[in-house]
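Presented below is the structure to which this report refers.
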Amino acid sequence: MGKTSTIRVLTGLSRATKGSCRILGEEMNPNNRQIRQKIGVVFEEPNLYARLSGRQNLQFFATLYGVKKSKIENLLDEFQLSETGNKPVANYSKGMKQRLLICRALLGDPEMLILDEPTSGLDLASVELIRSHIRSFAKQGKTVFMSTHSLEEADELCGRVAFMNHGKIIAEGDPAALKLRYGKEYVQLELIPTVPLAEFWHVVDALQPIKTGQDGKVISVLIDLTEATLGRDIDRLRTVGRILRVHSQEASLREVFKSVLGGNRT
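Just so you know, we're using our numbering here: the sequence shown kicks off at 1 and counts up by one.
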């Protein structure tokens, strides 16, 4: 079962063929209207009424939820859609449509928000606005369940992540804990060569750096943070350059995923 099927089961649109699903402590199934009223959902594909305006879309669903008009205006304002609220949704950009979908999901003041690829393909302004509201929603003590292909986004927003591969969860947990378990830590040094460049790069290449970069005269070198060799490596770099800065860099979730995926191949 992939992420889309998982979300359909979580939202009660499909019934699991085996196992069970609990949302907010209750068994979820297509007939559980009570729990479905406690969740807000945004699917990856926009499902709005294109001929209606953004405001009319929200008014239609607000009637179903019994939501006051003031709630609509507040949401439009929070998601920077007030000025375009009377324009047909057909004329909205992808980012505007996604913001409107999240407004709709929040109309009923849900206890849990389920988002499928919430920022995929959006402009930077919409991405930052949506991420800000996700953080704000979570700070209220509410639950956000989201699927994303952006591991950087998951690292930034999530307190717990799960990696899926071919429909199976291959690792899950707190991002920091996963990095400690599966990832490596690195040290990045920024230095200015004090010897001819050929001699400098001969020493650097011998350290087998993860990555190197250059900004003007300053060269950055990323190496494994291995206690047994770190001091020796830094001493070797001091013989060919003047070290300006040294700072540690933890593994990314992308590196963790690659490590986990490599260990689960058959």
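Each residue gets a CB set at the ideal place from its N, CA and C atoms; glycine is no exception. The model shown is predicted, which means the values in this text are computed figures rather than measured ones.
State the Cα-Cα distance for the pair residue i and residue j, rounded to the nearest angstrom.
i: L339; j: R8; result: The structure shown does not extend to residue 339, since the chain spans only 1 to 266, so no value can be given for it.
i: E83; j: T6; result: 36 Å
i: H149; j: E26; result: 28 Å
i: L107; j: V221; result: 50 Å
i: S132; j: S147; result: 17 Å
i: V195; j: Y186; result: 25 Å
i: G216; j: F200; result: 16 Å
i: L124; j: S136; result: 18 Å
i: K69; j: I169; result: 42 Å
i: S248; j: N47; result: 45 Å
i: Q208; j: Q140; result: 47 Å
i: E45; j: Q214; result: 42 Å
i: R22; j: G95; result: 31 Å
i: R242; j: Q188; result: 14 Å
i: A206; j: L237; result: 11 Å
i: E78; j: T17; result: 40 Å
i: R99; j: G262; result: 37 Å
i: Q59; j: G85; result: 11 Å
i: T239; j: L230; result: 15 Å
i: K258; j: K71; result: 44 Å
i: I35; j: V41; result: 12 Å
i: D155; j: G173; result: 12 Å
With distances taken from CA atoms, which of the options is nearest residue i?
i: L64; options: Q37, L76, N47 and R232; result: Q37
i: L76; options: R55, S126, V246 and E172; result: R55
i: R104; options: F61, G167 and G95; result: F61
i: L151; options: P175, S136 and V240; result: P175
i: L122; options: V144, Y92 and F145; result: Y92
i: L129; options: Q80, I169 and N47; result: Q80
i: L180; options: L225, I169 and D205; result: L225
i: R232; options: S248, R254 and V203; result: V203
i: V161; options: V240, G85, L100 and L253; result: L253
i: G66; options: D155, D109, V41 and K258; result: D109
Are the beta-carbon atoms belonging to residue i and residue j less than 8 Å from one another?
i: L157; j: V256; result: no
i: K87; j: S53; result: yes
i: N32; j: G12; result: yes
i: G159; j: A251; result: no
i: K142; j: E190; result: no
i: I39; j: I102; result: no
i: V144; j: I134; result: yes
i: I234; j: P193; result: no
i: A138; j: A90; result: no
For residue i, I'd like the list of residues in its chain whose CB is within less than 8 Å of its CB, leaving aside the five on either flank, ordered along the chain.
i: T266; result: The predicted model places T266 with a pLDDT of 42, which falls under 50 and marks its position as unreliable; any figure quoted below should be read in that light. Closer than 8 Å at the Cβ level, and outside the excluded window around T266, lies no residue.
i: R15; result: V9, N29 and P30
i: K3; result: D116, S147 and M164
i: E153; result: T119 and R131
i: E73; result: S82
By Cβ distance, which residues of its chain are closer than 7 Å to residue i, with the 5 residues on each side in sequence left out?
i: F43; result: D116
i: A198; result: none
i: K211; result: L222
Give a single yes or no on whether residue i has its beta carbon closer than 7 Å to a heavy atom of the ligand PLP.
i: D174; result: By its list of ligands, the structure shown contains no ligand whatsoever, and the ligand PLP lies outside what it can speak to.
For residue i, collect the residues of the same chain with a Cβ closer than 6 Å to its Cβ; drop the 5 residues on either side in sequence, then sort them by chain order.
i: A171; result: F163 and V260
i: R245; result: E190
What are the partner residues of residue i, as DSSP defines its beta bridges?
i: L191; result: I219 and I243
i: F145; result: I114
i: G19; result: G19 is not bridged to any residue.
i: Q249; result: Y186
i: Q214; result: I219
i: P88; result: S53
i: V41; result: I114
i: F163; result: A171
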